[in-house]
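The structure appears right after this line, and notes come after that.
Number of protein chains: 2
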Amino acid sequence: MTAEQQARATLADVARLAGVSAKTVSRAMSGDGSVSEVTRERVMTAAKRLRFRPNTLARNLRHGGVTNSVAFVIGDITNPFYFNVAAGIERELATKGMTMLLATTDDAPGSEAVVVDALLAQRVRALIIVPIAKDQSYLEGERQLGTPVVCVDRPAHHLVADSVVLQNRLGIEEAVRSLIAVGHRKIGFVCSPAELYTHQERLLGYRSALLEAGITDSRRYERLEPVLGATAEESVRELLALDDPPTAIIAGNNRASTAAWRELFNRSPRVAFIGFDDFEFADTLGISVVAYDPIELGREAARLVLARLDDPSGPPRQIELPTHLIRRGSGEVPPPDAPDSTIAP
Amino acid sequence: MTAEQQARATLADVARLAGVSAKTVSRAMSGDGSVSEVTRERVMTAAKRLRFRPNTLARNLRHGGVTNSVAFVIGDITNPFYFNVAAGIERELATKGMTMLLATTDDAPGSEAVVVDALLAQRVRALIIVPIAKDQSYLEGERQLGTPVVCVDRPAHHLVADSVVLQNRLGIEEAVRSLIAVGHRKIGFVCSPAELYTHQERLLGYRSALLEAGITDSRRYERLEPVLGATAEESVRELLALDDPPTAIIAGNNRASTAAWRELFNRSPRVAFIGFDDFEFADTLGISVVAYDPIELGREAARLVLARLDDPSGPPRQIELPTHLIRRGSGEVPPPDAPDSTIAP
DNA sequence: AGCACCTATGTCAACGTAGTACATTTCTGT
DNA sequence: ACAGAAATGTACTACGTTGACATAGGTGCT
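Protein chains in written order, with this note's numbering: chain E, 1 to 345; chain C, 1001 to 1345.
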């Protein structure tokens, strides 16, 4: 790399070379005002020669001081779920020439406001956030200043904002009903951590579907870890070690799904299993899951942002993305005592 | 959302409220010049009252017109490999208060320059790119203007730039040697597509390790798809349908790994298998792989950017990240004709 | 007292772009 | 031929921040 560093060309430089004023160059480049064909040619040639590239910073400053980047704030960047959501956001934004800024809070609720603050100082156009702190009211002022805030996966706390969530209850309900249809009555539920909105919703779905089938004594089969990081493997082991163990297990989130399956893999007699969130190999391994489209989740979030930028008024919208059960075998394993069981005497 | 939209407070607004000049506010906020304690208090109070947030756009414009975002340009955002690299970049940049802009080219070589151009117009501070086009010489001008360019996973074509790549040859060589040690002589290599630098390197590693063991007739076991999208499943089927099929197969990239394993899963007699790039479940399923740390790959790339920003001079650096074989069983399956084979008569 | 020096603050201009206002030229129609 | 419209170009300025420079008052030393 050379030590020399030629200066970046500006509108004025191009104007000088082309022998016109800066404004004329601006017009020629943007095609806004009217410029003669000869002049336009000359300007374009000069611009190309100088490798001129309009400074978006200056342009944005001139135009109200906002960038055209949308920030996506997540807790844990290594969770594949977020990655797919990010993909959806990026693609949707790209159709409008906008870009995505990715930031993480490392799952620390306390750092959410700090990270968001830094992003706002950068004048992001909008904020898409997976809420992790218990309170998003700190964003109220910013919202009033016209920065759209869209929550993904879970709604905000103490803040009026658009959001995109999954049909959590319906998804788990479908899973429970499916297991009941195969003959299961003792169904476990493993999920972590307990305090998240999504997990609460899924727990409610689990309970309501059981109740619907007249099963009222399943509390002992619920295992929601109180803290992040507690392993779902342990929960599964606990459940199977009960005197009257469940014959089927449902996992309430993607990390719990993989952990639970790890524990159930190679165990016999087979325990029926349904996970939440599809993943690579789930098809090859024959694992039934409650699936949804994370990319679409991101796209919807981005669409909400675009809609809000277009028209800031109107009530907040909450979009519910459908979930659906994919039957691949693991969820269709009958209970050992079923009449059609192969282990029957 | 209210239709009203109060204006965003500026330095001047804060100054007016605090009864000082704009410059004093600037000093008080940045802690740069000297400001008396009383004044600082008054300014801070005024700033808080007005919810003042310094406009990074303006600040950056004042300082040479560059943002503090680094763009990461990838081909296919749904490839988990890139996601982990992105995670590494984001984390490393965050330590320096910089942010990551994510952009994709949808694996279309032609759109690389277009996407990059848009990013440069946004005055990104640096560029981290997974080269996909055949020629990155279009970045030469920008590099001379002081924008660091770092290539990830593969080096740039026709451009002097720092890069971070994997020890591709060594990784595959280790895999081949390991298979040979177990007794294999007929080893297949599946990878796609053929034209990528990484895949070429891995192919060379495959060949050299075989040669080292005196195996010279393995060309018929090489299956590199000429085009993106061709399935590795087919390649595996082709290999196993040969009159003299290989007893072991190595996959040269992550997509090929999963595809190949899908095909080999449940097939008997078992074919030894070693994949490239670790993935979830590989441990549970007992799949041996040539692994590396994608997050570290991203971190290194970000470090190169930071180093280059710090000191633009000096020769380009190419960092090689280590790869290592993780033995989990699938790569330790002996050939059917081995003396210690369980199928021996 | 005189001087150097330091602190606390203020004034002005500039970063690069583009909107507003206005000046100039060229082209219409009567 | 001439008013008026249309086409084309220029000058000035603001966007929000900060560096360069200036100023006013205070402190310490000779």
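Even for Gly, the Cβ is constructed at its ideal location relative to N, Cα and C.
Membership of S288 (chain E) in the beta strand (DSSP E) is indicated by the continuous run S288 to A291. Look at M1044 (chain C) here: in three-state DSSP terms it is helix. Residue pairing by DSSP leaves L1309 (chain C) without any beta bridge partner.
Within chain C, not a single residue places a beta-carbon under 9 Å from that of A108 (chain E); the smallest gap is close to 12 Å. Scanning its chain for C-beta atoms nearer than 6 Å, with the 5 sequence neighbours on each side dropped, one finds around R1042 (chain C) the residues A1018, in chain order. Among the CB atoms of chain E, one or more fall inside 8 Å of the CB of L1102 (chain C). DSSP places E1320 (chain C) inside the beta strand (DSSP E), whose first and last residues are Q1318 to L1321. For the pair G110 (chain E) and R262 (chain E), the Cα-to-Cα distance works out to about 32 Å. Annotation for Y1138 (chain C): A1113 place their beta carbon closer than 6 Å to its own, counting only its chain and skipping 5 residues before and after. Residue environment: D1106 (chain C) is assigned as exposed (fewer than 16 neighbouring CB atoms within 10 Å of its CB, all protein chains considered). In this chain, R125 (chain E) is not harboured by any beta strand (DSSP E), its DSSP state being neither H nor E. At a cut-off of 8 Å between beta-carbon atoms, T39 (chain E) makes no contact with chain C. Scanning C:Q1318, C:H1324 and C:R1270 for the CA closest to the CA of V1290 (chain C) turns up C:H1324.
Taking a contact as a CB-CB distance under 8 Å, the pair A103 (chain E) and A71 (chain E) counts as one, their CB atoms being some 6 Å apart. In its chain, beyond the 5 residues on either side, Y1292, L1321 and T1323 have a beta carbon closer than 6 Å to the beta carbon of L1166 (chain C).
By DSSP's assignment, L1102 (chain C) forms a beta bridge with E:M100 and C:F1072.
Straight across, the Cα-Cα distance linking R317 (chain E) with R169 (chain E) is about 19 Å. Looking at the DSSP output, F81 (chain E) sits in no beta bridge, so it has no partner there.
In chain order, R8, N55, L57 and A58 make up the part of chain E whose C-beta sits under 8 Å from the C-beta of G1065 (chain C).
Less than 8 Å separates the beta-carbon of L1264 (chain C) from that of I1249 (chain C). Closest in C-alpha terms to L1309 (chain C), from the list C:G1275, C:L1159, C:R1051 and C:L1127, comes C:L1127. Comparing alpha-carbon positions, the option among C:G1188, C:T1147, C:K1186 and C:S1034 lying closest to V1066 (chain C) turns out to be C:T1147. Under the three-pair Cβ rule at 8 Å, the stretch 1069-1084 of chain C does not count as touching the stretch 1034-1052 of chain C. Around R1123 (chain C), the same chain offers N1060, G1065, V1066 and T1067 as residues with beta carbons nearer than 8 Å, after the five sequence neighbours per side are excluded. Residues R1185 of the same chain have their beta carbon placed closer than 7 Å to that of I1215 (chain C), with the five preceding and five following residues left out of the count. When rounded, the separation of the alpha-carbon atoms in A1009 (chain C) and D311 (chain E) is 22 Å. For G141 (chain E), a Cβ of chain C is located within less than 8 Å of the residue's own Cβ. I1172 (chain C) carries a helical assignment under DSSP once its states are collapsed to helix, strand and coil.
Taking 8 Å as the threshold, the shortest C-beta distance from I1319 (chain C) to chain E does not fall below it. Residues of the stretch 79-101 of chain E whose Cβ lies closer than 8 Å to any Cβ of chain C, in chain order: P80, F83, N84, A86, A87, E90, R91, A94, G97, T99, M100 and L101.
If you look at H1324 (chain C), you'll find it in the beta strand (DSSP E) that goes H1324 to I1326.
Counted as a single uninterrupted DSSP element, the alpha helix (DSSP H) harbouring S1030 (chain C) occupies residues A1022 to S1030. S1288 (chain C) and G1331 (chain C) do touch by the CB rule: their CB atoms are close to 3 Å apart, below 8 Å.
Residue contact check for R51 (chain E) against chain C: a CB pair falls below 8 Å.
Taking each of E:L210, E:L120 and E:S268 in turn and checking the Cα distance to R177 (chain E), the smallest one comes out for E:L210. Between the C-alpha atoms of P1054 (chain C) and L1011 (chain C) there is a straight-line separation of about 7 Å.
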